[in-house]
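Enquirer: The C-terminal position of the sequence shown is numbered 259 in this note's numbering, with every residue numbered one higher than the one before it.
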Amino acid sequence: MSRIAVQVEEVTVAYNGKVALHSANLQLNRGSISGLVGMNGSGKSTLFKSIMGFVKPTNGRVFIQGMPIKKAQKQNLVAYIPQSEDVDWHFPIDVQSVVMMGRYGYMNILRIPRENDRQAVAESLARTNMSEFKFRQIGELSGGQKKRAFVARALAQQAQIILLDEPFAGVDVKTEKALIQLLIELRNMGHTILISTHDLSSISTFCDDVVLINRTILAYGPTEEVFTEENITRTFGGMMPVKGIGN
Numbered sequence: 013m014s015r016i017a018v019q020v021e022e023v024t025v026a027y028n029g030k031v032a033l034h035s036a037n038l039q040l041n042r043g044s045i046s047g048l049v050g051m052n053g054s055g056k057s058t059l060f061k062s063i064m065g066f067v068k069p070t071n072g073r074v075f076i077q078g079m080p081i082k083k084a085q086k087q088n089l090v091a092y093i094p095q096s097e098d099v100d101w102h103f104p105i106d107v108q109s110v111v112m113m114g115r116y117g118y119m120n121i122l123r124i125p126r127e128n129d130r131q132a133v134a135e136s137l138a139r140t141n142m143s144e145f146k147f148r149q150i151g152e153l154s155g156g157q158k159k160r161a162f163v164a165r166a167l168a169q170q171a172q173i174i175l176l177d178e179p180f181a182g183v184d185v186k187t188e189k190a191l192i193q194l195l196i197e198l199r200n201m202g203h204t205i206l207i208s209t210h211d212l213s214s215i216s217t218f219c220d221d222v223v224l225i226n227r228t229i230l231a232y233g234p235t236e237e238v239f240t241e242e243n244i245t246r247t248f249g250g251m252m253p254v255k256g257i258g259n
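Structure below.
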């Protein structure tokens, strides 16, 4: 079995003729946490959407565990946890129902849960310490609880690959540490995790690998090799301090 969970080959994506991502190449290993680092507008969300199959590249290909995206989607292999601002928190739905959405790919057209669906949801809620909030309206949760609810949905989906877009935005330090610990546990269970974050100070504490992006993938690989002051300066165009980063 190949160690590669996600392979991006020469992917270019354009919106209305404007290139958002150019000739991107990337490999993510199974059972790893990779930190995706880049400034706003650098193509992070476009990369996520390409891996999920939400956008069709104008050039290049993406493989999930050696399979084309459509085949991987049918097997529910990839889950996406969006930024908070991309979610309608006023929608009248409780946490348990949000997590049950992760089971839709296993249900028939009527989406009537079976016992194994309910069991998967219960286990996912327990795994993320969200069982006591299962009947709470999703918008009533704290920032960290909302993130955990969506991680629970990914677990209920039985996704092997989890993409998280800025999960630490708007949460306090204690909540961030709790989320990091959960991600480490999931990595140890064999999940492959790609997480975009602006919190550069924490990357070396939990990311096995780092992916640096600025309209293309500038570098990727083991954190201790890639997450250097020189590479960070390239990534941000010298527009931010990088003291204390790297060796």
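C-beta atoms are modelled at their ideal positions from N, C-alpha and C, and glycine is treated no differently.
Have a look at the DSSP bridge pairing and note the partners of Asn141.
Expert: Sequence index remark: in the sequence shown, residue 141 carries index 129 (1-based). The partner list for Asn141 (beta bridge, DSSP) is empty, contrary to what the question assumes.
Enquirer: Spatial neighbours of Arg15 within its chain, please: C-beta separation below 6 Å, excluding the five flanking residues on both sides.
Expert: One-based indexing of the sequence shown puts residue 15 at position 3. Taken in chain order, the residues that qualify are Asn41, Arg42.
Enquirer: Tell me where the beta strand (DSSP E) around Gln19 begins and ends.
Expert: On the sequence shown, residue 19 is found 7 positions in, with the first residue counted as 1. It spans 16-27 - the beta strand (DSSP E) in which Gln19 sits, taken as one unbroken run.
Enquirer: Using a Cβ-Cβ cutoff of less than 6 Å, which residues in the same chain neighbour Val67 once the five nearest sequence positions on both sides are dropped?
Expert: For the purposes of this step, residue 67 is taken as the residue at position 55 of the sequence shown. The answer, listed in chain order, is Val25, Lys61.
Enquirer: Jot down the residue ranges of each uninterrupted alpha helix (DSSP H) in the region 54-140, minimum 4 residues, whole runs only, in chain order.
Expert: If we require 4 residues or more, the alpha helix (DSSP H) runs fully inside the region 54-140 come out as 56-64, 81-86, 107-112, 127-139.
Enquirer: Tell me whether the beta-carbon of Ile215 lies closer than 8 Å to the beta-carbon of Val223.
Expert: Translated into the one-based positions of the sequence shown, residue 215 becomes position 203. Translated into the one-based positions of the sequence shown, residue 223 becomes position 211. For Ile215 and Val223, no; Cβs fall outside 8 Å.
Enquirer: Note down, one range per segment and in chain order, each alpha helix (DSSP H) of at least 4 residues found wholly within the region 164-252.
Expert: Segments of the alpha helix (DSSP H) lying fully in the region 164-252: 185-200, 212-218, 235-238, 241-248.
Enquirer: Taking the alpha-carbon positions, what's the Lys56 to Val111 distance?
Expert: For the purposes of this step, residue 56 is identified with residue 44 of the sequence shown, where counting begins at 1. For the purposes of this step, residue 111 is identified with residue 99 of the sequence shown, where counting begins at 1. Going by the C-alpha atoms only, they are around 25 Å apart.
Enquirer: Would you check if the distance between the CB atom of Ile45 and the CB atom of Arg199 is smaller than 8 Å?
Expert: Stepping through the sequence shown from its first residue, residue 45 is reached at position 33. Stepping through the sequence shown from its first residue, residue 199 is reached at position 187. In this structure, Arg199 lies closer than 8 Å to Ile45 by Cβ.
Enquirer: Apart from the five residues just before and just after Ser94, which ones in its own chain have a Cβ nearer than 7 Å to its Cβ?
Expert: Looking up residue 94 in the sequence shown gives position 82. Checking the displayed sequence, the identity of residue 94 turns out to be Pro instead of Ser. The answer, listed in chain order, is Asp177.
Enquirer: Cutting at 6 Å between CB atoms, please list the residues of its own chain near Ala164, excluding the five before and the five after it.
Expert: If you number the sequence shown from 1, residue 164 lands on position 152. Contacts found: Val111, Ser136, Leu137, Thr140, Met142.
Enquirer: Alpha carbon to alpha carbon, how far is Val107 from Leu89? Give it in angstroms, no decimals.
Expert: Here residue 89 corresponds to residue number 77 of the sequence shown, with the count starting at 1. Here residue 107 corresponds to residue number 95 of the sequence shown, with the count starting at 1. Whole-angstrom Cα-Cα distance: 22 Å.
Enquirer: Could you give the DSSP three-state label for Gly50: helix, strand or coil?
Expert: Numbered from 1 along the sequence shown, position 38 holds the residue referred to as residue 50. Coil, per DSSP.
Enquirer: Considering only their Cβ atoms, is the gap separating Leu167 from Met64 smaller than 8 Å?
Expert: Taking the sequence shown and counting its residues from 1, one reaches residue 64 at position 52. Taking the sequence shown and counting its residues from 1, one reaches residue 167 at position 155. Against a cut-off of 8 Å, the Cβ pair of Leu167 and Met64 comes out as no contact.
Enquirer: In this structure, does DSSP put Lys146 in helix, strand or coil?
Expert: Residue numbering aside, residue 146 sits at position 134 when the sequence shown is read from its first letter. It is coil, neither helix nor strand.
Enquirer: For the region 186-193 and the region 78-92, state whether three or more C-beta atom pairs, one from each stretch, are separated by less than 8 Å.
Expert: No, the region 186-193 is not in contact with the region 78-92.
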